[in-house]
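Number of protein chains: 2
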Amino acid sequence: MRVELLNVGDELLRGDIFNGNAGWLGRRLTEAGVEVVRGVVVPDDTETIVAALREALERADAVIVTGGLGGTSDDVTRDALARAAGVALRRDPALEARLRERAVSRGVPLRESALRMADVPEGARRLPNPAGTAPGLRVVLPGGVAYAVPGVPEEMRAIVDEHVLPELAGTPVAARVLRTATVWESVVAARLAPVEALPGVRLAYYPSPGEVRVRITGTAEDRVAEAAALARELLGGSVYAEEDLDLDRVVHRLLAERNATVAVAESLTGGLLGAELTGMPGSSATFLGGVVAYATPLKHSLLGVPADLLAAHGAVHPDVAAAMATGVRERLGASYGLAVTGVAGPDPQDGQPVGTVHVAVAETGGSATVRSVRLPVAGDGERARGPIRRMTVVHALDLLRRHLLTLDSSESWAVTAGNREEPG
Amino acid sequence: MRVELLNVGDELLRGDIFNGNAGWLGRRLTEAGVEVVRGVVVPDDTETIVAALREALERADAVIVTGGLGGTSDDVTRDALARAAGVALRRDPALEARLRERAVSRGVPLRESALRMADVPEGARRLPNPAGTAPGLRVVLPGGVAYAVPGVPEEMRAIVDEHVLPELAGTPVAARVLRTATVWESVVAARLAPVEALPGVRLAYYPSPGEVRVRITGTAEDRVAEAAALARELLGGSVYAEEDLDLDRVVHRLLAERNATVAVAESLTGGLLGAELTGMPGSSATFLGGVVAYATPLKHSLLGVPADLLAAHGAVHPDVAAAMATGVRERLGASYGLAVTGVAGPDPQDGQPVGTVHVAVAETGGSATVRSVRLPVAGDGERARGPIRRMTVVHALDLLRRHLLTLDSSESWAVTAGNREEPG
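Chains B and F are the protein sequences, given in the same order.
Start counting the first sequence at 1; every next residue gets the next number (the UniProt record's numbering).
Start counting the second sequence at 1; every next residue gets the next number (the UniProt record's numbering).
Have a look at this one:
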């Protein structure tokens, strides 16, 4: 089953509203084993929609249309469907009565244009809308079937899940996801060459700063499982999840399993590391708090980093990271202290170039483990700031993860350190 | 000038990656007076891309293609452009040399497929990429011009802004932007009814958690300026910028003008407030650091919030916010202390419902000013967490802004407090 998406709306083309419906539909259909062959966005114009419907059904078996089903004059999807089907629009007495009843019960006047929502192309099937007023419509056109749903995300999702997907669903594709941190996409891809060579599976890489998500798909469950197992072996400790789970949740789970807590000391990230560790509900079970020592003297006064160390080497030094981790752990009474210091740019700091980052983890009664890395600087300094800060968070979380799992952490860092390649 | 967008990538159709590039391009082009007539997403398939290019240039004067310019085997946009132009691909010696140099300097082997990034359709113009490796390409095709840019957002944006928009820009529409914080979209729209009624201008509202961006456009510069002046007057102190400037930068500027600094104390935001204040280069001039006192006892031990206050009222109380602001200001030696405490959810805390938030600002020798607000909870608790945390940051920054400008802050808060409306 091949499906095309047709999203209707001037506001989508102008970027006033981001087209989240296309992404949701793409993922939902793919999961249901339906191939999405194209996505098209067109303005609120009847002729254009009619043409797009015809083109879509030359390529695909069905088209899902979102938007243009409301009750204002620029909602023309119904007219376009009728014209494409070569039929007339008929006002549905039951729908009309419902619209009038609603208006009366709310004590608001009914706009004449709102009655357009009761218009249905002859022969079309109404798809009940559990979340709103305008029903979806199923219309048989030359070449295939069109499913039209409102553009309001909640209504669109409800109608698609209840009435559209059950009709379209094919053989679900078998899929596995592996998520890795602190190893570049090209390194991941190089290691997975033997998996790429396996018959019947397809690999896709989705990089984000500091991370790569690998998706393995195929039609045969056992082949995909076998490929995933090989990939897992080849990637080793850099894989932090074998499902679609974020790194912060993995770290939270590892800490919770050990009844352990963490406190963070931040410099260049300004609070991002703490923000990441508190994004999920229930994070208070493992996250105690943090200190953002942005100004250098605060690293001494708030975290106990030796003043002579700061005077001799500045704030960007492995020993400073170690002292920050130890200091925050002790002061906040956490099982683990996690610290980052470095240069986000745009200018070098204390003689260190932009992208120089040291992360450290300290534990009760133990010394601190430090990893130093030179992160890639993309574009000019100001633009690189965001990715560098984000990558620093990923590297810190991954260091704690490897520490908790007693995994070798030199592997990823050896790859990373000195590697100036773009992160994907 | 009519432009069509063509986004290439299987991952977009499957919804693995959200097509943010289309939204960004739509907004950018619209602002530049260019009409976006259609948006199309196609898979990584040469034939399909060639067909889509031809169709696009039957409808539009130019097409902007994103994606498929990387160095892996599924990056086929270059091949498609060459085929659509009826020319061959030629390896560019300068680009190839640059790729080889990069690989050597990094000490990594150069994959043969990565050299594809040096391939250029004959006659195409390279569009330098300031943020990455693969250049953009400008190719003249039958029917119009194709601009191909990488799918990586930073690279796409840089090349479009520097090389594509200057060529495409039409008669710019006169435009003014007003940015407001802590007032709901419906309130902004109601206040601006007299501006809506003016002839020759069009208003658009772009809400985000805690903020509304108002854009006033028209063809006559003087009418737009007049409308903006009236809007400014009607919106009063809730306008934090009359240009496209983020709230954190406005606060930074106000602090810098006063040679003042700020330190933050955070609870539910976990570090987001500090992260926001350090997002921009040069933030160290005004931001000293912060304390994330996520666990309640840390509010006492790290910030000096009276233990009996915490015992009597819990952590979510106006007096706790005030004590946090005062405590962090004193301990970090800043001109101002800014603090937030509240309930991000999904569960109530200390008897306070989700969305209860107190923000406070303290200054040298002065008592703290506290504002309390009940933020709207959208969707189920877990989904509401992100927006509540984001709105809390906006409310805190806006309180400091109003404090620095000695603006009445009850106005926005009176509107906000008890108002359970969705933020947009």
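Note that the Cβ used here is the ideal one computed from N, Cα and C, for glycine as well.
Bear in mind the structure is a predicted one, so any value in this text is a computation, not a measurement.
Proximal chain F residues relative to residue i, where beta-carbon distance stays under 8 angstroms
i	result
B/Tyr-206	Glu-11, Asp-16, Ile-17
B/Pro-346	Pro-281
B/Thr-326	Here the premise fails: no neighbours, minimum Cβ distance about 17 angstroms.
B/Arg-215	Asp-16
B/Ala-169	Correct list: empty, because the minimum Cβ distance to chain F is about 15 angstroms.
Reduced DSSP category for residue i - H, G, I as helix; E, B as strand; rest coil
i	result
B/His-313	helix
B/Leu-6	strand
F/Leu-405	coil
F/Thr-180	strand
F/Ala-143	Checking the sequence, you will find Gly at residue 143 of chain F rather than Ala. Coil, per DSSP.
F/Glu-243	coil
F/Glu-35	strand
B/Val-195	helix
F/Val-76	coil
F/Gly-237	helix
F/Pro-121	strand
B/Ile-64	strand
F/Ala-148	strand
B/Thr-296	helix
F/Gly-218	strand
B/Ala-334	coil
F/Val-201	coil
F/Ala-88	coil
F/Val-41	strand
Which residues DSSP lists as bridging residue i, in chain order
i	result
B/Phe-287	B/Val-262
F/Leu-110	Paired residues: none, contrary to the question.
B/Ala-378	B/Ala-378 pairs with nothing; no bridge assigned.
B/Ala-344	According to DSSP, B/Ala-344 bridges with nothing at all.
B/Thr-269	According to DSSP, which records beta bridges pairwise, B/Thr-269 is partnered with nothing at all.
F/Leu-127	F/Gly-136
F/His-358	F/Thr-341, F/Ser-372
B/Glu-211	B/Ala-181, B/Ser-208
B/Arg-383	According to DSSP, which records beta bridges pairwise, B/Arg-383 is partnered with nothing at all.
F/Glu-363	F/Tyr-336
B/Ala-174	B/Gly-218
Proximal residues of chain B, C-beta to C-beta of residue i below 8 angstroms
i	result
F/Val-40	Arg-38, Gly-39, Val-40, Val-41
F/Leu-298	Leu-288, Gly-289, Leu-332
F/Glu-154	Ala-378, Gly-379, Arg-383, Pro-387
residue 492 of chain F	No answer is possible for residue 492 of chain F: it lies beyond the span of chain F, which begins at 1 and ends at 424.
F/Gly-20	Phe-18
Within chain F, partners of residue i - CB distance below 9 angstroms
i	result
B/Leu-400	Under the 9 angstroms cutoff, chain F gives no residues; its nearest Cβ is about 16 angstroms from B/Leu-400.
B/Leu-25	Gly-15
Nearest-angstrom beta carbon gap, residue j and residue i [assumed within contact, 8 angstroms]
i	j	result
F/Ile-49	F/Val-42	6 angstroms
F/Gly-262	F/Ala-321	It is worth fixing the name first, because residue 262 of chain F is Val in this sequence and not Gly. With a Cβ gap of about 15 angstroms, F/Val-262 and F/Ala-321 do not count as contacting.
B/Leu-268	B/Arg-389	6 angstroms
F/Glu-266	F/Val-343	Between F/Val-343 and F/Glu-266 the Cβ distance is about 14 angstroms, and since that is not below 8 angstroms, they are no contact.
F/Ala-32	F/Ala-169	4 angstroms
B/Leu-375	B/Gly-355	4 angstroms
F/Ala-241	F/Arg-179	4 angstroms
Contacts of residue i in chain F (Cβ-Cβ under 7 angstroms)
i	result
B/Ser-284	Tyr-294, Ala-295
Chain B residues whose Cβ lies nearer than 9 angstroms to that of residue i
i	result
F/Thr-30	Leu-13, Arg-14, Gly-15, Asp-16
residue 432 of chain F	In the structure as shown, chain F starts at 1 and stops at 424, and residue 432 of chain F therefore has no counterpart that could be examined.
Proximal residues of chain B, C-beta to C-beta of residue i below 7 angstroms
i	result
F/Gly-365	Residues of chain B passing the Cβ test: none, with the nearest at roughly 21 angstroms.
Can we say the stretch 291–310 of chain B touches the stretch 229–246 of chain B, given the rule of at least three CB pairs closer than 8 angstroms?
no
The stretch 17–37 of chain F touching the stretch 397–404 of chain B, judged by at least three CB pairs closer than 8 angstroms
no
Decide yes or no for the touch test of the stretch 158–172 of chain F against the stretch 136–150 of chain F: beta carbon pairs closer than 8 angstroms, at least 3 of them.
yes
Are the stretch 80–90 of chain B and the stretch 117–131 of chain B in contact at 8 angstroms, needing three or more beta carbon pairs?
yes
The stretch 207–218 of chain F touching the stretch 136–155 of chain F, judged by at least three CB pairs closer than 8 angstroms:
no
Does the stretch 59–71 of chain B come close enough to the stretch 8–27 of chain B to have 3 or more Cβ pairs within less than 8 angstroms?
yes
If you pair each beta-carbon of the stretch 173–185 of chain F with each one of the stretch 83–103 of chain F, do three or more pairs fall below 8 angstroms?
no
Three or more beta-carbon pairs under 8 angstroms between the stretch 281–293 of chain B and the stretch 361–375 of chain B, yes or no?
no
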